[in-house]
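In the working numbering, each residue carries its 1-based index in the sequence shown increased by 26.
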Amino acid sequence: TSLSAIQPNNSETTQLITYALVATAITGILGFYEENVKETIETKTHEFKQLIQQNAAIGQNTQKALIAIALGIFLLLAIAYF
27 TSLSAIQPNN
37 SETTQLITYA
47 LVATAITGIL
57 GFYEENVKET
67 IETKTHEFKQ
77 LIQQNAAIGQ
87 NTQKALIAIA
97 LGIFLLLAIA
107 YF
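Here is the structure:
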């Protein structure tokens, strides 16, 4: 038997089967996303937002500490000169 006998052509039936297979694949991909990927992405996004907020708070505390140290050094120098 020759494989050319079952080779697809551009007939309406072949196109319909192709569209049905593509639609099935897309439906499967969307279902997989909904069941497995969506929750993970939402969880990681929430964790990332929390990390950014924590880093911002740490940065603000560090900035306040540096200002306090600089002010202390300035006052010590002012006392030493006067």
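Glycine is no exception: its CB is placed at the ideal position from the N, C-alpha and C atoms.
Put simply, the backbone Cα of I84 is about 25 Å away from that of E68. For I52, the enclosing alpha helix (DSSP H) stretches over residues 38-58.
Secondary structure note for F74: its alpha helix (DSSP H) is the uninterrupted segment 64-107.
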